[in-house]
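Trainee: In terms of the numbering used here, the sequence shown opens at residue 557 and continues consecutively.
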Amino acid sequence: MQRDNNIDFNENFFVDSTSDEIKQEQRNVFINFITNVIANFTNRDINRFSLTVSNPQTCRDIVERCVAFAMQHGVRDLNLDFSNPKWDEDNLGDHDALFQLPSIVYELGSSLESLKLYSCGFGMQDFANFTSLKDISLGWIGVKTETLETLLSTCRTIESLSLEKCWNLEIFNFEHEPVRLTRLMINKCDSEYFIVNAPNLKYFKYSGVVFTSDIYVRPNVIEEVYLDFALESEFNECGNELYKILVDFAPAKILTVCSFLLQVVPSGDNPVRTEIDLNVRHLILKTQMHPHEFCGFEFLLNSCPMLEKITFDIGQRAIFSAGDYETPDDGIDPKKFWQLRRVVPQCLRRSLKVIEVIGSRTTEEELMTLFFLMSTGKVLEQININLFNDDGLKERRRGRARLLANAAGKASKNLQISID
């Protein structure tokens, strides 16, 4: 597919049969399509070039022609995805890289600003030629911390690093030299321990299992942190590890957390709040609004005294049994959890102005939580409720939400409630 100076060759748009014979016919159509586009291309330069093919060894010639074509047209954004859609995303196994980065990329790499390699091997020796490279993404490949250290020290223009479904990264150790990255994204890798000195880091996104952290970021630099531990399959009393991660990223202004963190963080040695204040101004909760998440939500309310906005992103989340772990509120009827709060978090008295609910089911737990925030939020200005509508119950939910909007007991005279 060609659009302006962007070209996207994606095998998945052509090959969808389970029959090997038909699949080969479809693949031949795909290769002919590529050949025709390249032969009739008249533009001088290419901005973005993307090639997705799951079995590149069987069409090596066309793959190398594609890459050479892109490099010879001064491509700035090169994406090569050779991963197999049948690989299990949640259970990493060692898969040898299905292709090696062609040598012409190293030779003409000075124009590249962004490079994405999935199941594509590369050599470190020639990365010094990438004098404009700012953004690199690696996926479905074994990569060690030493390799990443060499990469970042060789190509000193890199600002953004994304690692997706990579392995051999159990210990992500960057303590020897400060990392110049401004963006770091880790998705479903096998990392278990992070030691990172990243004084320039502005954005950190992590999806995977809980890790042990020793992370340095600079106040007034780090802006946003996204934490998703949805790969955890059971409760695990790792509250202290989660606590340490939150403290490491205390200066961040925007914080997104998952349901697992909400359920488990109170199991640590500090079940009520962090000892130091978190600088969070916008808190985003990936939640089911289940009572098992309430203690973790209260923990964050207590820990974020300057909080200005809360977003509830409501959906189906894994709810775990805590086993022998007991919260301070065990034995309390979940329906009375918020009614029994005697200490109002500082943010509700001084700073919280906006509450946003995405995918509202208007469950009793949800409405009770919103009523607590509404009845204690002294400077609240807006509660914006976006109703879930995929099951045809939107009007019923709208009626329940209106009950909240019409309820007495609002702590702020300036509060406006909108329902969409």
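Built from N, CA and C at the ideal position, the CB exists for glycine as well.
These figures come from a predicted structure and were not determined experimentally.
Can you look up Val910 in the DSSP assignment and give me helix, strand or coil?
Mentor: As a position in the sequence shown, residue 910 is number 354, starting the count at 1. If DSSP states are grouped into helix, strand and coil, Val910 belongs with the strands.
Trainee: Output the distance between the C-alpha atoms of Ile618 and Ala874, rounded to the nearest integer angstrom.
Mentor: If you number the sequence shown from 1, residue 618 lands on position 62. If you number the sequence shown from 1, residue 874 lands on position 318. Computed Cα separation, rounded: 44 Å.
Trainee: Which residue's Cα is closest to the Cα of Trp894: Gln902, Leu787, Ser916, Phe928?
Mentor: In the sequence shown, residue 894 corresponds to position 338, counting from 1. Nearest option by C-alpha distance: Phe928.
Trainee: Considering just the uninterrupted stretch of the beta strand (DSSP E) at Arg632, what are its terminal residues?
Mentor: The residue you call residue 632 lines up with position 76 of the sequence shown. No beta strand (DSSP E) holds Arg632; DSSP gives it neither H nor E.
Trainee: Do Pro734 and Ile778 have their CB atoms nearer than 8 Å?
Mentor: Working through the sequence shown from its first residue, we reach residue 734 at position 178. Working through the sequence shown from its first residue, we reach residue 778 at position 222. Not in contact: Pro734 and Ile778 (Cβ atoms no closer than 8 Å).
Trainee: Counting only runs of 4+ residues fully inside the region 802-877, write out the alpha helix (DSSP H) ranges in chain order.
Mentor: You should have 815-820, 850-859.
Trainee: Quick one: what's got a C-beta closer than 8 Å to Leu959's C-beta in the same chain, skipping five residues either side?
Mentor: Reading the sequence shown from its first residue, position 403 is the one you call residue 959. Here the set comprises Leu923.
Trainee: Any idea which residues DSSP pairs Lys950 with across the strands?
Mentor: Translated into positions along the sequence shown, residue 950 becomes position 394. Lys950 pairs with nothing; no bridge assigned.
Trainee: Please confirm whether Ser769 and Phe750 have their CB atoms less than 8 Å apart.
Mentor: Along the sequence shown, read from residue 1 onward, the residue named residue 769 stands at position 213. Along the sequence shown, read from residue 1 onward, the residue named residue 750 stands at position 194. Yes, these two residues count as a Cβ contact at 8 Å.
Trainee: Let me know the beta strand (DSSP E) ranges lying completely inside the region 651-678, each 3 residues or longer, listed in chain order.
Mentor: Qualifying beta strand (DSSP E) stretches, in chain order: 670-674.
Trainee: So, using beta-carbon positions, are Pro901 and Leu857 closer together than 8 Å?
Mentor: Against the sequence shown, residue 901 aligns to sequence position 345. Against the sequence shown, residue 857 aligns to sequence position 301. Taking 8 Å as the Cβ cut-off, Pro901 and Leu857 qualify as a contacting pair.
Trainee: With a floor of 3 residues, list each beta strand (DSSP E) that falls wholly inside the region 687-749, ordered by position along the chain.
Mentor: Runs of the beta strand (DSSP E) inside the region 687-749: 691-695, 716-720, 727-730, 739-743.
Trainee: May I ask you to report which of helix, strand or coil DSSP gives Phe760?
Mentor: For this step, residue 760 is matched to residue 204 along the sequence shown. In this structure, Phe760 counts as strand in the three-state DSSP scheme.
Trainee: Taking 8 Å as the threshold (C-beta atoms), are Ala963 and Thr932 in contact?
Mentor: For the purposes of this step, residue 932 is taken as the residue at position 376 of the sequence shown. For the purposes of this step, residue 963 is taken as the residue at position 407 of the sequence shown. Taking 8 Å as the Cβ cut-off, Thr932 and Ala963 do not qualify as a contacting pair.
Trainee: Can you check which of these residues, Ser716, Asn835, Cys860, is closest to Lys761 by C-alpha distance?
Mentor: Translated into positions along the sequence shown, residue 761 becomes position 205. With distances taken between Cα atoms, Lys761 lies closest to Ser716.
Trainee: May I have the straight-line CA-CA distance separating Gln582 from Gly915, to the nearest angstrom?
Mentor: Start at 1 with the first residue of the sequence shown, and residue 582 comes out as number 26. Start at 1 with the first residue of the sequence shown, and residue 915 comes out as number 359. Cα-Cα distance, rounded: 40 Å.
Trainee: Output yes or no for whether 8 Å exceeds the beta carbon distance between Gln819 and Phe876.
Mentor: Position 263 of the sequence shown, counting from 1, holds the residue named residue 819. Position 320 of the sequence shown, counting from 1, holds the residue named residue 876. Yes.
Trainee: Along the chain, where does the alpha helix (DSSP H) that runs through Thr608 open and close?
Mentor: Numbered from 1 along the sequence shown, position 52 holds the residue referred to as residue 608. Taken as a continuous stretch (DSSP letters only), Thr608 belongs to no alpha helix (DSSP H), being part of the beta strand (DSSP E) at 604-608.
Trainee: DSSP beta-bridge partners for Ser769?
Mentor: Counting from one through the sequence shown, the residue named residue 769 turns up at place 213. Paired residue(s): Phe750.
Trainee: Quick check: the Cα distance between Gln844 and Lys865, rounded to an integer number of angstroms?
Mentor: Along the sequence shown, read from residue 1 onward, the residue named residue 844 stands at position 288. Along the sequence shown, read from residue 1 onward, the residue named residue 865 stands at position 309. Cα to Cα, Gln844 sits roughly 19 Å from Lys865.
Trainee: Report the CB separation of Gly795 from Gly824 in whole angstroms; it is logged as a contact under 8 Å.
Mentor: Start at 1 with the first residue of the sequence shown, and residue 795 comes out as number 239. Start at 1 with the first residue of the sequence shown, and residue 824 comes out as number 268. Confirmed, Cβ separation roughly 3 Å.
Trainee: Tell me where the alpha helix (DSSP H) around Leu971 begins and ends.
Mentor: Position 415 of the sequence shown holds residue 971. It is not in any alpha helix (DSSP H) - Leu971 carries neither H nor E in the DSSP assignment.
Trainee: According to DSSP, which residues form a beta bridge with Cys564?
Mentor: Sequence index remark: in the sequence shown, residue 564 carries index 8 (1-based). The sequence given here places Asp at residue 564; Cys does not occur at that position. Note: Asp564 sits in a beta bridge opposite Ser606.
Trainee: May I ask you to list the residues that DSSP assigns as paired with Val781?
Mentor: One-based indexing of the sequence shown puts residue 781 at position 225. BP columns for Val781 point to Phe760, Leu811.
Trainee: Buried or exposed for Val899, please, with buried defined as at least 16 other CB atoms from any protein chain shown within 10 angstroms of its CB.
Mentor: On the sequence shown, position 343 is the one that residue 899 refers to. Val899 should be labelled exposed.
Trainee: How should Ala595 be labelled, buried or exposed, when 16 other C-beta atoms within 10 angstroms of its C-beta is the threshold for buried?
Mentor: Position 39 of the sequence shown, counted from the first residue, corresponds to residue 595. With fewer than 16 other Cβ atoms within 10 Å, it is exposed.
Trainee: Assuming Asp601 and Asn561 are in contact, meaning their beta carbons sit under 8 Å apart, how far apart are those beta carbons, in whole angstroms?
Mentor: Locating residue 601 in the sequence shown gives position 45, where the first residue counts as 1. Locating residue 561 in the sequence shown gives position 5, where the first residue counts as 1. That belief holds up - the Cβ atoms of Asp601 and Asn561 are roughly 6 Å apart, short of 8 Å.
Trainee: So, Leu839 versus Leu817, is the Cβ gap smaller than 8 Å?
Mentor: One-based indexing of the sequence shown puts residue 839 at position 283. One-based indexing of the sequence shown puts residue 817 at position 261. Not closer than 8 Å, so no.
Trainee: Select from Met680, Leu757, Glu726, Ile727 the residue whose C-alpha is nearest the C-alpha of Met741.
Mentor: As a working mapping, residue 741 is identified with position 185 in the sequence shown. Met741 has its Cα closest to that of Leu757, out of Met680, Leu757, Glu726, Ile727.
Trainee: With Leu943 as the anchor, note down where its alpha helix (DSSP H) starts and where it stops.
Mentor: Along the sequence shown, one-based indexing puts residue 943 at 387. No alpha helix (DSSP H) contains Leu943, which is instead part of the beta strand (DSSP E) from 938-943.
Trainee: Spell out the partners DSSP gives Ser916 in its beta bridges.
Mentor: Taking the first residue of the sequence shown as position 1, residue 916 is located at position 360. According to DSSP, which records beta bridges pairwise, Ser916 is partnered with Leu943.
Trainee: Is Asp617 helix, strand or coil when you go by DSSP?
Mentor: Taking the first residue of the sequence shown as 1, we reach residue 617 at position 61. In this structure, Asp617 counts as helix in the three-state DSSP scheme.
Trainee: Assign Leu798 to one of three DSSP states: helix, strand, or coil.
Mentor: Position 242 of the sequence shown, counted from the first residue, corresponds to residue 798. Leu798: helix per DSSP, three-state reduction.
Trainee: In whole angstroms, what separates the C-alpha of Ser907 from that of Leu926?
Mentor: As a first step, residue 907 is located in the sequence shown; it is residue number 351 there, counting from the start. As a first step, residue 926 is located in the sequence shown; it is residue number 370 there, counting from the start. Answer to the nearest angstrom: the Cα atoms are 16 Å apart.
Trainee: Cα-Cα, which of Phe565, Phe570, Pro822 is closest to Ser606?
Mentor: Your numbering for residue 606 matches position 50 in the sequence shown. The option with the nearest alpha carbon to Ser606 is Phe565.
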